[in-house]
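See below for the structure under consideration.
2 protein chains.
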Amino acid sequence: MNNYISEYLQSISNICPTLTAEELQYFAQKLTLHEFAPKDFYLQAKDPQKGIAFIAKGLFRSFYINEDGNEITITFNNEGRLMGDFTSIDAPQPSRFYFQCIEPSVVILCPYEHLQDCAEKIPALEKYFRIMLEKAFLQVSNRLVGLLSNNSEEMYRQFIEENPSLATRISVSHLCSFLGVSRQTLTRIRKKILST
Amino acid sequence: MNNYISEYLQSISNICPTLTAEELQYFAQKLTLHEFAPKDFYLQAKDPQKGIAFIAKGLFRSFYINEDGNEITITFNNEGRLMGDFTSIDAPQPSRFYFQCIEPSVVILCPYEHLQDCAEKIPALEKYFRIMLEKAFLQVSNRLVGLLSNNSEEMYRQFIEENPSLATRISVSHLCSFLGVSRQTLTRIRKKILST
Numbered sequence: 018m019n020n021y022i023s024e025y026l027q028s029i030s031n032i033c034p035t036l037t038a039e040e041l042q043y044f045a046q047k048l049t050l051h052e053f054a055p056k057d058f059y060l061q062a063k064d065p066q067k068g069i070a071f072i073a074k075g076l077f078r079s080f081y082i083n084e085d086g087n088e089i090t091i092t093f094n095n096e097g098r099l100m101g102d103f104t105s106i107d108a109p110q111p112s113r114f115y116f117q118c119i120e121p122s123v124v125i126l127c128p129y130e131h132l133q134d135c136a137e138k139i140p141a142l143e144k145y146f147r148i149m150l151e152k153a154f155l156q157v158s159n160r161l162v163g164l165l166s167n168n169s170e171e172m173y174r175q176f177i178e179e180n181p182s183l184a185t186r187i188s189v190s191h192l193c194s195f196l197g198v199s200r201q202t203l204t205r206i207r208k209k210i211l212s213t
Numbered sequence: 018m019n020n021y022i023s024e025y026l027q028s029i030s031n032i033c034p035t036l037t038a039e040e041l042q043y044f045a046q047k048l049t050l051h052e053f054a055p056k057d058f059y060l061q062a063k064d065p066q067k068g069i070a071f072i073a074k075g076l077f078r079s080f081y082i083n084e085d086g087n088e089i090t091i092t093f094n095n096e097g098r099l100m101g102d103f104t105s106i107d108a109p110q111p112s113r114f115y116f117q118c119i120e121p122s123v124v125i126l127c128p129y130e131h132l133q134d135c136a137e138k139i140p141a142l143e144k145y146f147r148i149m150l151e152k153a154f155l156q157v158s159n160r161l162v163g164l165l166s167n168n169s170e171e172m173y174r175q176f177i178e179e180n181p182s183l184a185t186r187i188s189v190s191h192l193c194s195f196l197g198v199s200r201q202t203l204t205r206i207r208k209k210i211l212s213t
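So the sequence lines, in the order shown, correspond to chains A and B. According to my numbering, the first sequence is numbered sequentially starting from 18. According to my numbering, the second sequence is numbered sequentially starting from 18.
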């Protein structure tokens with residue numbers, strides 16, 4: 018299991034080449050590994066957020082339950098991504114979303130107090146957080162554009178283009194809840210795309 | 018006009034107290050000031066993004082034009098906020114949104130090449146970008162939640178709560194395009210809120 022942590026540290030080191038081995042070691046000391054089985058929740062809405070989670074292996078789905086009680090899938094988060102409702106490292110808010118495991122997963126958790134301490138002591142690490150936040154911003158703003166465009170075929174094409182490896186890992190019902198369409202509509206879209 | 022830049026530098030210094038005067042000076046050397054009149058565009062969709070803009074004074078509206086040709090207001094950006102489609106400092110993408118001036122405004126622009134250079138040379142500055150990105154993430158994810166909740170009254174209440182100073186600065190038509198409701202519906206919502 019410790020391979021996950023060393024691979025994670027290596028990926029941070031690639032992003033922040035000026036980080037010293039001692040700094041990486043200091044950051045690593047409070048990281049913990051957590052395993053999740055399908056249907057387990059990493060977080061439920063209103064849960065306090067204890068830290069930032071890096072998905073070392075597996076796949077999660079974040080969703081929101083609206084006033085009518087419908088689950089609306091917001092994003093799919095796979096290996097190599099951070100997971101959480103990124104409100105603020107310095108003053109984290111409770112999650113507004115549910116994060117549920119889809120495939121057997123391994124998550125590396127860094128508690129917020131440790132993140133704050135590291136951000137203070139290791140300025141070079143801020144670059145890593147900034148780049149991961151840029152990715153999260155892009156993911157959520159793409160989601161927003163998809164919703165606003167109100168074109169489920171285009172949203173599906175874009176999703177497949179951005180996440181080719183996920184297309185076969187996500188159930189039809191979750192994909193429908195992401196696109197906001199019925200199974201019949203998704204089948205129609207898929208047929209249309211295959212035939213062009 | 019130079020007061021705007023010194024106030025901006027002061028606000029960065031408050032966020033990153035470890036920045037030295039020399040580092041701030043280095044960052045400041047390539048900042049430029051730009052004035053905008055109502056209806057001017059800071060950016061139009063598909064425009065290349067040249068840098069990150071800080072609104073020193075005024076108010077802008079970002080919007081998206083969907084396939085049916087409708088303008089959908091995404092956010093209102095007032096003084097003290099960054100403005101732009103935050104794709105990546107290291108490899109910025111063309112804007113997906115329009116950014117149009119609502120009130121006479123002053124914007125401080127920092128070119129991307131300079132941001133990259135500063136991020137490289139002044140690690141302490143990364144904290145500033147990270148915190149501004151957290152704010153931008155929160156703004157866009159709140160917008161997403163508002164759209165998903167599909168409850169325009171709740172969206173209006175939340176908007177007023179988060180932006181009390183903006184309520185009187187935004188036209189009814191822009192507010193309708195933000196909430197996705199007709200003027201009649203907005204009037205009804207306002208009456209209901211006033212009476213409770």
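From the three backbone atoms N, C-alpha and C, an ideal C-beta is built for every residue, glycine too.
Per DSSP, cross-strand counterpart(s) of residue i
i	result
B/L36	DSSP output for B/L36 lists no bridge partner at all.
A/H51	A/V124
B/F116	B/L60, B/S79
C-beta contact flag for residue i and residue j at 8 Å
i	j	result
B/S79	B/I91	yes
B/R147	A/E143	yes
B/D102	B/F93	no
A/H51	A/V124	yes
A/A153	A/L76	no
A/P140	A/K67	no
B/Y145	B/A73	no
B/C135	B/F53	no
B/N167	A/N95	no
A/L161	B/R160	yes
Residue i to residue j span [Cα, whole Å]
i	j	result
A/S169	B/I89	17 Å
B/A184	A/Q175	35 Å
A/F71	A/I206	33 Å
A/S112	B/E151	14 Å
A/E171	B/T35	46 Å
B/F195	B/T37	41 Å
A/Q156	B/F44	29 Å
B/P121	A/H131	43 Å
B/K56	B/C193	18 Å
A/D64	A/A108	15 Å
B/T49	B/S182	27 Å
A/Y81	A/L164	14 Å
B/I210	B/K47	47 Å
B/Y59	A/S28	36 Å
Proximal chain B residues relative to residue i, where beta-carbon distance stays under 7 Å
i	result
A/A141	P140
A/A136	K144
Which of helix, strand or coil DSSP assigns to residue i
i	result
A/G101	coil
B/N95	strand
B/L76	strand
B/F154	helix
A/I29	helix
A/A136	helix
B/I89	strand
A/A108	coil
Under 8 Å from the C-beta of residue i: neighbouring residues of chain A
i	result
B/I89	L165
B/V157	F154, V157, S158, L161
B/E151	F103, T104, S105, I106, L150
Per-residue contacts from residue i into chain B (C-beta, under 9 Å)
i	result
A/E84	S166, N167, N168, E171
Where residue i meets chain A, residues with beta-carbon distance less than 7 Å
i	result
B/R147	E143, F146, R147, L150
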